[in-house]
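Right, one structure below, let's go through it.
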Amino acid sequence: MAFHVVPACIFASGCLGLAILSYFHLQQPHSLLWYSQTGAIILFQWVLSNLVYRLVFHPLSKYPGPLFAALTDWYTVYWIAEGGRHLEFDKQHKKFGKFVRFGPNRLSINSAKASRDLHNVNSNTFKADAYSSFKRFFGAEMSLTTVDHKAHAFRRRVNMTAITPAAVKEFEDQVTPHVDEFIDIISEGVGSKVEGEHGWSSGKDMCWYVSFCIADIMGSMTFGRTWNVQRDPKYRHFVKDLPNGVAGIHLVGHMQSLFFCNLHKLLFNQLIVGVGNLMSVSRSFALWRLEQTSMPHRDIWAALLASRDPKTGEGFSTEELISEASLFIIGGTDGMITATTSTLFYLTHNPRTLERLTREIREAFPLSPEDVGKKASEVECPIQFASAELQSVRYLPACIDEAMRLSPPVPSILPRVVGPGGMEVDGEYFPAGVNLGVPHYCMHHSEENFAQPLTYAPERWFPEERERGLKDGSVPVSGKESVKMLPAVGLSHGFTPFGAGRSGCIGKHLAYQEMSIVLARLIWLFDIRLDPSSNLGEGVGDAKEGRECRSEFQLYDRFVSSQNGPMLQFRYREELTA
């Protein structure tokens, strides 16, 4: 890149001067000592010239940010490993404003306009170098990491054919049995309302109950094969370790010199073990599915196996199938786990909202008179996957959207590199080669985009309710949200939980249907409350900055998210018995 000429000149002139100086000052110019000292001087000069360049001459040198971040990508590596990168972004943007330099060649821009500029379908950007570590691990690109726009578009079209809104309904037979199993497991130890306090179950950590259910659904829909982790603990370690695997790939992507002498394994062994587990399970699923000649149900993988490159006529290679398997495993689990558990957290911390959602779900799917007074296990829930009736409960996706706004599944940024010729982003010009990104957590918490941003208020997604507000003042009366920001649409660039533009999540509709049936079934059958003896998932008052808010669901930023809780108790709705 052109802006590398400056440090090269500094380095060359400095090295020449220091080499001449060292020659005259050392008594034995051709001794081992002479060579070692000269080498040390040249290394020092190389480091110094890079530091001077990054601080003074780099195109991003005019933007504020932590000094350490301007000097080295170790700043980013540390925060990815620590898990609080989204909170660090938020802290720095509150301190420095819209633009924050978070790496020698990396800039975070906290604005909806920047999101539109960077993720526009025709924007002059490409996937940043941070994504290239995926190929180093897997040996092939996947759709999410493919830099070439044409290759990405082809893979995206192939994947989309399997999960169009029209095709989603066909997955009912793969989804419903796992949701039924989930409800059966939650029902263990649950009593009825007539038992009073004794009717409440023991506390259940919903992070893991939801995780195992979503993982089983993903396996059936994608590969026609499930782990059965809801009942069998054999593969649960992988589900639990998935965020570490993604973090390991992401971390090394920001400093690929860690591959030298396997430093990544030495310094971040736990994360790299997670990468190995992800590679292993991706290979296992992909190769097993490749061996099958017929399947009892339609699955997503069939579209990949049948696809052919329009130019060469060739299908996906084995390595490409394995890498694509990892995409579906990650994309088909983690985001929905975070969104579902965070929705449960915010609903139970906001009883008024939970009461309204419970009322709307039960009114949309009334209990038949002959079922009143029956045992809950004898009653069939009328809620069906991806049904028009379920999608008509508009308050449910609003609750999910509001939870994803406060606790986004991808809390930090989706890095992009500016293409040849440069481009303008939010009124600022950036040359080719600069890495840019928009911090989702910061943008979702910004008063520039949302009135009372820390308030959980699903009503904000309905223009008529947002403008009217509620008499108790708990819902923002007016704000800067776009009237286009309807539930499950998210047309505003200020709200991007599923990404945006040509790299936006193609499985968004499917994700909403999965989350909706899990949440709707729970709320239809059970009364739900927080376990009074637990604060799992909450912030703590004396915790470090960013983790002190009790009413905020605590995420750990691994590029995707990991979390704990909430710890909930259940009992059957008052019309049913145990």
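The number in my numbering is simply the position in the sequence shown, starting from 1, with 1 added.
Using N, Cα and C, we set each Cβ at its ideal position, and we do this for glycine too.
Requested in this report: With Leu-267 as the anchor, note down where its alpha helix (DSSP H) starts and where it stops.
Outcome: For Leu-267, the enclosing alpha helix (DSSP H) has its first and last residue at 264 to 268.
**Report entry** Limits of the unbroken beta strand (DSSP E) element including Lys-128
**Finding:** Lys-128 -> beta strand (DSSP E) spans 126 to 128.
Query raised in the report: What did DSSP end up calling Phe-135 once you bin it into helix, strand or coil?
Result: Secondary structure of Phe-135 (DSSP, three-state): helix.
Requested in this report: Could you round the C-beta distance between Ser-408 and Thr-339 to whole angstroms and report it? I think they count as a contact, below 8 Å.
Outcome: Confirmed, Cβ separation roughly 7 Å.
Report task. Take Asp-310 as the anchor and find which of Arg-158, Glu-515, Phe-527 and Tyr-54 has the nearest alpha-carbon. Result -> Relative to Asp-310, the option among Arg-158, Glu-515, Phe-527 and Tyr-54 whose CA is nearest is Arg-158.
Query raised in the report: Among the residues of its own chain, which have a CB less than 8 Å from the CB of Leu-72, if the five just before and after it don't count?
Result: The answer, listed in chain order, is Leu-52, Arg-55, Leu-56 and Pro-105.
Query raised in the report: Whole-angstrom Cβ separation of Thr-359 and Met-207, contact assumed at under 8 Å?
Result: Not confirmed; about 17 Å, so no contact.
Query raised in the report: According to DSSP, is Phe-143 helix, strand or coil?
Result: This sequence places Met at residue 143; Phe is not what is there. Judged by DSSP in its simplified three-state form, Met-143 adopts coil rather than helix or strand.
Query raised in the report: So, do the region 90 to 102 and the region 122 to 138 have three or more beta carbon pairs nearer to each other than 8 Å?
Result: Look at the beta carbons and you see the region 90 to 102 not touching the region 122 to 138: under three pairs across the two are nearer than 8 Å.
Query raised in the report: For the candidate residues Ser-447, Leu-328, Lys-376 and Gly-538, whose alpha-carbon lies nearest to that of Ser-552?
Result: Here the closest residue by C-alpha is Gly-538.
**Report entry** Those runs of the alpha helix (DSSP H) which lie wholly inside the region 272 to 318 and span at least 4 residues
**Finding:** With a minimum length of 4 residues, the continuous alpha helix (DSSP H) runs that stay inside the region 272 to 318 are 302 to 307.
Query raised in the report: Nearest-angstrom Cα distance between Gly-540 and Ala-512?
Result: Spanning the alpha carbons of Gly-540 and Ala-512 requires a straight line of approximately 27 Å.
Query raised in the report: Of the residues Asn-245, Glu-325, Val-394 and Glu-321, which one's Cα is nearest the Cα of Ile-81?
Result: Answer by Cα proximity: Asn-245.
**Report entry** Close beta carbons around Ser-212, own chain, < 6 Å, minus the five adjacent residues each side
**Finding:** These residues qualify, in order along the chain: Val-240 and Ile-338.
Query raised in the report: What's the call for Glu-142, buried or exposed, on a 16-neighbour Cβ count within 10 Å?
Result: Residue environment: Glu-142 is assigned as buried (16 or more neighbouring CB atoms within 10 Å of its CB, all protein chains considered).
Query - For Leu-345, three-class secondary structure by DSSP - result: Leu-345 falls in the helix class under three-state DSSP.
Query raised in the report: How many whole angstroms separate the CB atoms of Arg-530 and Gly-200, which I take to be in contact at a CB cut-off of 8 Å?
Result: Actually they are not in contact, since the Cβ atoms of Arg-530 and Gly-200 sit about 11 Å apart, beyond 8 Å.
Query - Extent of the continuous alpha helix (DSSP H) run through Ala-240 - result: Reading the sequence as shown, one finds Val at residue 240 and not Ala. Per DSSP, Val-240 belongs to the alpha helix (DSSP H) from 237 to 255.
Query raised in the report: Can the beta-carbon of Trp-462 be found closer than 8 Å to that of Ala-399?
Result: For Trp-462 and Ala-399, yes; Cβs fall inside 8 Å.
**Report entry** Where Ser-109 falls, given that 16 or more other Cβ within 10 Å makes a residue buried
**Finding:** Buried: at least 16 other Cβ atoms inside 10 Å.
Query - Same chain, Cβ closer than 7 Å to Ser-283, neighbours up to 5 away in sequence not counted - result: When the five nearest sequence neighbours on each side are left out, the beta carbons in the same chain lying within less than 7 Å of the beta carbon of Ser-283 are those of Ile-323, Ala-326, Ser-327 and Ile-330, in order along the chain.
Query - N- and C-terminal bounds of the beta strand (DSSP E) containing Phe-103 - result: First-last of the beta strand (DSSP E) with Phe-103: 100 to 104.
Report task. Flag this pair as touching only if the region 157 to 172 and the region 499 to 511 have three or more C-beta atom pairs under 8 Å; answer yes or no. Result -> Counting Cβ pairs under 8 Å, three or more are found: they touch.
Query raised in the report: Going by C-alpha distance, which of Gly-316, Tyr-76 and Ala-377 is nearest Gly-190?
Result: By alpha-carbon distance to Gly-190, the top candidate from Gly-316, Tyr-76 and Ala-377 is Ala-377.
Query raised in the report: Leaving out five residues before and five after Met-161 in sequence, what residues of the same chain have Cβ atoms less than 7 Å from its Cβ?
Result: Non-local C-beta neighbours of Met-161 in its own chain, meaning closer than 7 Å and more than five positions away in sequence, comprise Ile-507, ordered along the chain.
Requested in this report: Look up Leu-437 in the DSSP assignment and give the residues it is bridged to.
Outcome: Beta-bridge pairing links Leu-437 to Leu-108 and Arg-417.
**Report entry** C-beta contact flag for Ala-113 and Met-444 at 8 Å
**Finding:** In this structure, Ala-113 sits near Met-444, with a CB-CB distance shorter than 8 Å.
Report task. Tell me whether the beta-carbon of Gly-332 lies closer than 8 Å to the beta-carbon of Leu-415. Result -> Gly-332 places its beta carbon 8 Å or farther from that of Leu-415.
**Report entry** Through-space distance from Ala-303 to Gln-293, alpha-carbon basis
**Finding:** For Gln-293 and Ala-303, the distance between alpha carbons rounds to 10 Å.
Query raised in the report: Taking just the CA atoms, how far does Ser-188 sit from Glu-576?
Result: Distance from the CA of Glu-576 to the CA of Ser-188, rounded to the nearest whole angstrom, comes to 16 Å.
Query raised in the report: To the nearest angstrom, how far is it from the Cα of Val-478 to the Cα of Leu-259?
Result: Here the model assigns Val-478 a pLDDT of 46, short of 50, so the residue's position is not dependable, and the following value carries that caveat. Using only the alpha carbons, I get a separation of about 50 Å.
Report task. Out of Gly-197, Gly-249 and Glu-173, state which residue places its alpha-carbon closest to the alpha-carbon of Ile-218. Result -> Among Gly-197, Gly-249 and Glu-173, the Cα nearest to that of Ile-218 is on Glu-173.
Requested in this report: Locate the beta strand (DSSP E) running through Asp-118, then write down its first and last residues.
Outcome: From DSSP, Asp-118 is part of no beta strand (DSSP E) but of the alpha helix (DSSP H) over 113 to 120.
**Report entry** Ser-447 beta carbon less than 8 Å from that of Asn-111
**Finding:** Result yes, Cβ atoms of Asn-111 and Ser-447 sit closer than 8 Å.
Report task. Please say whether Leu-345 and Leu-526 have beta carbons closer to each other than 8 Å? Result -> Cβ distance not < 8 Å, so Leu-526 and Leu-345 don't count as in contact.
Query raised in the report: DSSP three-state call for Thr-456: helix, strand or coil?
Result: Thr-456: coil per DSSP, three-state reduction.
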